[in-house]
Amino acid sequence: MQTHEATHTVITPSVLYFGTPVGLISTLNRDGTTNLSPVSSLFALGQRYAVGLGAGGQAAANLIDCPELVVNLPDAELAGAIEEIAPTTGVDPVPQHKAARYRFEPDKWTLGGLTPLSSELVRPDRVMECPIQLGRVP
Ligand SMILES: Cc1cc2nc3c(=O)[nH]c(=O)nc-3n(C[C@H](O)[C@H](O)[C@H](O)COP(=O)(O)O)c2cc1C
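Numbering (our numbering), first residue to last: 1428 to 1565.
What follows is the structure, encoded as C-alpha cells:
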C-alpha cells in the first residue's frame, strides 16, 4: 500500500470551516429597518434554504419575529464592504462571547457603503449592489 506521509500532515485545526461563498442575509429589525449579516453556512436546495445561524445573533432573533429573509450574493468587488461589516453585530449590547471581537452597529448599510432597496417578495430590504438577491418566505 502507498502512503502519502511525505506530502500530508495530520492537523487538528481550531476551526474547520469550509463551504460556500459568503452571502449577506437581510432580516427585519423590530424598528422596521433591515439588518445585514454575513453568512457562509448556507445552501439552497430547490425552494428551501439551509442556513447555519448563530443563535445569539440579530439575524436569528429577527427571523423568529419575522421569518422572511433575503440572501444577497455579493461579487468580488464587495469584499471590502463585507470586511467592514464583519466585526459588527446588530445585537445591543454585544453578547459576552462576542465582546472581544465584535462591536454593535445599528446601520451596517452605511458602514459597508451599501444601498437598501425595497424587496418585491419579502419585507426585509435587499442590497442593491449585490447582483443576485434571493427573497424567501417560509
Ligand atoms: C465571511 C463570514 C462568514 C460568516 N458565516 C457565518 C455563518 O455561516 N453563520 C453565522 O451564524 N455567522 C457567520 N458569520 C458571523 C456573523 O456574520 C456574525 O456573527 C455577525 O455578528 C452576525 O451579525 P448579526 O448578529 O447582526 O446577525 C460569518 C462572518 C463572516 C465575516
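Heads up, the beta-carbon is just placed ideally off N, CA and C, and yes, glycines get one too.
Keep in mind it's a predicted model, so treat the numbers as computed, not measured.
For this session: Using the DSSP secondary-structure output, state which residues sit across from ARG1550 in a beta bridge.
Result: Start at 1 with the first residue of the sequence shown, and residue 1550 comes out as number 123. ARG1550 is not bridged to any residue.
Exercise. ARG1550: which of ASN1489, VAL1437, VAL1521, PRO1440 sits nearest, CA to CA?
Worked result: One-based indexing of the sequence shown puts residue 1550 at position 123. Ranking the options by Cα distance to ARG1550, first place goes to ASN1489.
Exercise. Cβ atoms of SER1467 and VAL1449: under 8 angstroms apart, would you say?
Worked result: Indexing the sequence shown from 1 puts residue 1449 at position 22. Indexing the sequence shown from 1 puts residue 1467 at position 40. Against a cut-off of 8 angstroms, the Cβ pair of SER1467 and VAL1449 comes out as a contact.
Problem set entry | Spatial neighbours of LEU1606 in its chain, beta-carbon cut-off 8 angstroms, leaving aside the 5 residues before and after | The structure shown does not extend to residue 1606, since the chain is modelled only from 1428 through 1565, so no value can be given for it.
For this session: Output the distance between the C-alpha atoms of PHE1531 and PRO1520, rounded to the nearest integer angstrom.
Result: Along the sequence shown, one-based indexing puts residue 1531 at 104. Along the sequence shown, one-based indexing puts residue 1520 at 93. Approximately 7 angstroms, taken between the alpha carbons.
Exercise. Regarding ALA1506 and ligand 1, is the C-beta to nearest heavy atom distance less than 7 angstroms?
Worked result: Looking up residue 1506 in the sequence shown gives position 79. For ligand 1, not one heavy atom lies less than 7 angstroms from the Cβ of ALA1506.
For this session: Note the first and the last residue of the continuous beta strand (DSSP E) segment covering ASN1462.
Result: Taking the sequence shown and counting its residues from 1, the one referred to as residue 1462 is at position 35. Its beta strand (DSSP E) spans residues 1461 to 1466.
For this session: For chain B, find out if any of its Cβ atoms is closer than 8 angstroms to the Cβ of SER1468; answer yes or no.
Result: This model lacks chain B altogether; it includes just one protein chain.
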